[in-house]
Every structure is written in C-alpha cells, then in structure tokens.
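Enquirer:
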Amino acid sequence: MLKPRELHGKRLLGYSLGDLGLLLPRTFEGVFIFQFYVYTVNLNSLLVSIGFSAQLIIGAVSAIIFGVLVDNKKPGKYGKRRPFLLLGLPIWFITTILIWFPPNSPIDNSFYLPTASYFWIIYIIRAISHALIYTVYTSMLPEQSQTFKNREKLASFSSFFQISASIIALMLPLIVQSALPDPKMVKWWNPSGEIIQIFIPLIGMSFAIFGLIATILVFISVDESFYNNNPIVQSEKIKVMDALKRLSIPLKDRNYLKLIMAVFFITANARIVGLLVFPFQTYVMQFQAAQFFIYILFSTLSKFIWYFIWKRIRKKFNILKTFSACILFAVCGSFIDIFFLFGKLSFEFSLILYIVSWSSVLGSMYAFPLFSIPITASLVHDAANQSTGSSLDVKMSKISGSYYGLFNFSNTLGPAFASLFIGALLSGNNEENPIVIIISFLFIGVFYLLTFLFINRIKLSKTSYYSGRSQQ
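Heads up, the sequence shown is in the numbering used here, so the first residue is 1 and it goes up one at a time.
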C-alpha cells in the first residue's frame, strides 16, 4: 500500500449518506413502531417486545455470520464487499414497507396471533437483510478511509446525518400526532387511529425509498479496485469454518470487547429513548396538539449544539477521556427525571426538568459516532498491524468483517435487550402508567454508568494514533 486511501468530495458524501439512508427508516421504527403496534394496531406490548427482541437477536447473529462470509469472499469484477450491498437491498426495501401494513388485532383480543405472526416474520426477514447491508457498509470503512484525520471527518459526517435522521424520523410522526383529535385514543377503531393508519405507512414508504437510493449511492461511491492489484487477496480462498474461526481474533482483543460492552449499553439506551418518546409526552407530560412540537424544538437544538461542542472537545483532548466525559454527562442528565417521582409538579417546572434531562441524554447519545467510529477503526487498524504476514490491505481484508460483525452484533443485541426489558415493564395497564414510564427512563442512567466504567478501562496500544494524545 503506497498511499493510504481516503474518501473526499462526492465519494465522502455518497458513502456517508448510507448512514442517513439506512438509519432514517430504522430510527423511525425505533421511535414509532412500538407506539404503532401497541397503541393503534392493538397488539399486546409483550408480543411486540418479543418480536423486537427476536428480530434483533437474529439480526445480531446474522451480522457476525455475514461479516465473516464477506471477509472470505474472493474479489470479483465489482469488488469484494460492494456486491453484497445490492444483494440484500430488494428484500430490505420490500419488508421495510410491509412492516407498516399489518392486519389489525380485534378489539377484544390483543394477543391475536395472525397479527403477531405477521409482525414477527416480516420484522425478522427485514433484520437479516439489514444485517447484511449494514455489516458490509461499516466493514468497508477501515479499507476505504485509512488515515485518522479522514476517519474523524467521516465520523463527523456520520454523526451529523444520524442527528438529521433522528429529527426527520420524529418530526413527521409528531406532526401526525399533533393533528389527532385525541392523542390518548389512537386504537385503529378510533378516529385518531384511522388517521395514524393512513399517514404513518406513507411516511414509512418514503423513508424506505430514500434508503434504497442512498444504498445505491454508497455502491457507486465505493472503489474496491485496489483488490485487483493484490494477487494474494485475489487467490486466497479458505473454508467457511476456517473463516468463522477468525471470530476469535476480535474475541481475544480485550480492549475491543470493552468497547463492545459499551456499545451494548449505549444502543440499549437509544432503544429505551425511542420507545419512551411518545408515552412520556402523552402520559407523563400530558401534551396536547402543538405541545408535541416542544420535543422537536429542544431535541433538534440540543443534538446539534452538543454535536459541535463534543466535536470541538474531541479535537483538543484525548478521545477516550472525552468519550468518558460525554457518557458521564448523560448519566447526570438522565437521573434528573427522578424529581418527577416527588409528587405532582407544576407544568412549568415539569417542562424545565423534561427539557434539561432529555436534552442532556440526547446531546450525548448522538455524539456517540464521533467517538465510536474512529476508535473502532483504530482498534481494527492496530489489530491488523500487530498480525504477521503480508501487506496491511491483506491483513485488514481478513479481519475487518469479523470485527464489524461483532460490533453490529452488540449494536443490535443492546436494543433487543432494551425492547424486551421495556416491553415487560410497560405490559398491560402499565402502558399508560406515568410512574412506570419515569422509572423506565431512569434505567438509562444506570446503563450509561456501566458504559462509563467500560470506556474508562479501554487502553489503546502505544503505537495507536490516539494513545496518549492530549492535543492535535
């Protein structure tokens, strides 16, 4: 490798748009599909949580398998990883649309198995196809962007697009929510429910179309022609079982495992926030009509303001210490909601607590890619450097999929755990219980505290770009 590869201009934008395209429908599902199936379709929250957890666990296992198989793929005319983007895209696109068109559960039967089965099957198929596309997409990064400056730039783009996805994915359903005659009566047989079943599927379809276009742009933007110049990569072909054994490489990397555990709790918290957005506004804050836009206003401001703050701090200080400070800030912000348990508060005071608490959590949560992307790429880069053998390109091609497959496994297993956990807490009459909803939110602080402990224990190698760096 004569010169490290970097992504710039249209290629950088095209690759980064993959985050927006793939996360927009996923974020929309994360914040509204529980609301849609439980409060409108009338499916019991426990059945929805089982579906959530099943598809996430299967998706997590699929991410590991796909990561290893893609590493083992012999490069062809269109490259090594690129063809897999288009392989899973049609199934992902169709199931992303179908998930919003389920049969309704009867009025007197929220345990209606045809609806549950439809939800489980479609969601699991979608999870498998998403695991393929997203594992391929993320595992490309260490090969496409091979300088730390460029990876930090890519991380900034990714974080910016993730924030944008969260805002857009929330804004449209909140517009629908604010237009409902009665936000608390949204079952499919109510007038408000009928409105939701018209507009929410339309939003889901539009996000799926955008994701389709964005993934195609990623395919066009990525250049894997460097494989053609490496005869070792071209000729190497090992058995699938031998390729699966490569999973032992990231599993033996203690620092990477600490990062994986941190990712588990961070993504679990992201799911908890998504599941509680609408119940918290409706049953704790008791918002009506235009009041639902309060969340859009302060969440948008807090995400972008803290994005620029943490981005600036990251440039001046050690990246791991800054990451730890970011997580600790979220711990403090989440525990502010404990004041909601101290009896009835005035609306004004409740609103201040709500804005401060949720702004702190959201500001830290959406800064996560600023740190995780360069740190993960750095660990993969270090692991490739430490192994013996041929060129860096060859060594990276052997382990990148395994590392990112395990990363996406944790990235998916966290939300699976959170979905089952919150689904059990909010089952039955607890769906509308403000005390239970508040307690559910407080668990975010507990999980972020565990995240802080894991991040604090990561030690990068002495040769790492970030090791011991206090300033740039």
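Ideal Cβ positions, reconstructed from N, Cα and C, are used throughout, including at glycine.
(1) Throw me the rounded Cβ distance for the Thr-27 and Phe-265 pair, which I believe falls under 8 Å.
(2) For Gly-343, which of helix, strand or coil comes out of DSSP?
(3) For the alpha helix (DSSP H) containing Phe-329, name the first residue and the last one.
(4) Report the option in Gly-67, Glu-152 and Phe-447 whose CA atom is closest to the CA atom of Ala-131.
(5) Could you tell me whether the Cβ of Ala-416 comes closer than 8 Å to any Cβ of chain B?
(6) Can we say the stretch 84-95 touches the stretch 121-140, given the rule of at least three CB pairs closer than 8 Å?
(7) Alpha carbon to alpha carbon, how far is Phe-32 from Asn-44? Give it in angstroms, no decimals.
(8) Shortest alpha-carbon distance to Trp-120 belongs to which of Pro-106, Leu-98 and Ala-367?
(9) Taking three-plus beta-carbon pairs below 8 Å as touching, is the stretch 408-428 in contact with the stretch 175-195?
(10) Taking Pro-114 as part of the alpha helix (DSSP H), name the residues at either end of that continuous run.
(11) Should Leu-202 be labelled buried (16 or more other beta-carbon atoms within 10 Å of its own) or exposed?
(12) Out of Phe-349, Lys-77 and Arg-81, point me to the one whose CA is closest to Tyr-134's CA.
(13) Exposed or buried, which one is Asn-385 when buried takes at least 16 other CB atoms within 10 Å?
(14) Apart from the five residues just before and just after Ser-105, which ones in its own chain have a Cβ nearer than 7 Å to its Cβ?
(15) Assess, as a yes-or-no matter, whether the stretch 416-433 is touched by the stretch 199-219 under the definition of 3 or more beta carbon pairs within less than 8 Å.
(16) Does the contact criterion of 3 or more C-beta pairs under 8 Å hold for the stretch 356-371 versus the stretch 148-163?
(17) Measuring straight from C-alpha to C-alpha, what distance separates Gln-35 and Leu-170?
(18) For Asn-269 versus Tyr-448, is the C-beta distance shorter than 8 Å?
(19) Just the Cα atoms here: how many angstroms apart are Leu-141 and Ala-377?
(20) Between Phe-317 and Asp-253, what straight-line distance do the alpha-carbon atoms span, to the nearest angstrom?
(21) Rank Ile-175, Ser-62, Phe-454 and Ala-330 by C-alpha distance to the C-alpha of Leu-443 and give the top, closest one.
(22) Report the CB separation of Ser-164 from Lys-10 in whole angstroms; it is logged as a contact under 8 Å.
(23) What do you reckon, are the CB atoms on Glu-432 and Tyr-283 nearer than 8 Å?
(24) To which residues of the same chain is Cys-326 closer than 6 Å at the C-beta, ignoring the five residues directly before and after it?
(25) Between Leu-20 and Ala-155, what straight-line distance do the alpha-carbon atoms span, to the nearest angstrom?
(26) Going by beta-carbon coordinates alone, are Phe-454 and Ala-179 separated by less than 8 Å?
(27) Run the CB neighbour count on Ala-208, radius 10 Å, all protein chains shown included, and call it buried at 16 or more, exposed below.
(28) Measure from the alpha carbon of Ile-249 to the alpha carbon of each residue in Ile-399, Gln-197, Ile-422 and Glu-6, then state which is nearest.
(29) Please report the distance separating the alpha-carbon of Leu-46 from that of Asn-429.
(30) Below 8 Å between beta carbons: does that hold for Ile-124 and Ile-64?
(31) Taking all protein chains shown into account, do 16 or more other C-beta atoms lie within 10 angstroms of the C-beta of Ser-346, making it buried, or fewer, making it exposed?
(32) Tell me which residue opens and which closes the alpha helix (DSSP H) that Trp-92 is part of.
(33) DSSP has Gly-59 in a bridge; who is on the other side?
(34) Distance check for Leu-251 and Leu-297, CA to CA, integer angstroms please.
(35) Hey, would you say Tyr-474 sits closer than 8 Å to Leu-85, going by beta carbons?
Expert: Looking at the coordinates:
(1) 19 Å between Cβ atoms; not a contact.
(2) coil
(3) 319-335
(4) Gly-67
(5) Absent from the structure: chain B. Only one protein chain is present.
(6) They touch, by the three-pair rule.
(7) 15 Å
(8) Leu-98
(9) no
(10) 113-139
(11) exposed
(12) Arg-81
(13) exposed
(14) Val-41, Asn-42, Leu-43, Tyr-112 and Thr-115
(15) no
(16) Inter-segment contact for the stretch 356-371 and the stretch 148-163 is present: three or more beta-carbon pairs are separated by less than 8 Å.
(17) 12 Å
(18) yes
(19) 7 Å
(20) 25 Å
(21) Reading off the sequence, residue 443 comes out as Phe, not Leu. It is Ala-330.
(22) The Cβ separation is near 19 Å, so there is no contact.
(23) yes
(24) Trp-310, Ser-364 and Ala-367
(25) 13 Å
(26) no
(27) In summary, Ala-208 is buried, with 16 or more beta-carbon neighbours lying within 10 Å of its beta-carbon over all protein chains present.
(28) Ile-399
(29) Rounded to the nearest whole angstrom, the C-alpha separation of Leu-46 and Asn-429 is 12 Å.
(30) For Ile-124 and Ile-64, no; Cβs fall outside 8 Å.
(31) exposed
(32) 82-98
(33) Beta-bridge annotation (DSSP): Gly-59 is not paired with any residue.
(34) 42 Å
(35) In the structure displayed, the chain extends from 1 to 472; residue 474 sits before or after that span and is not available.
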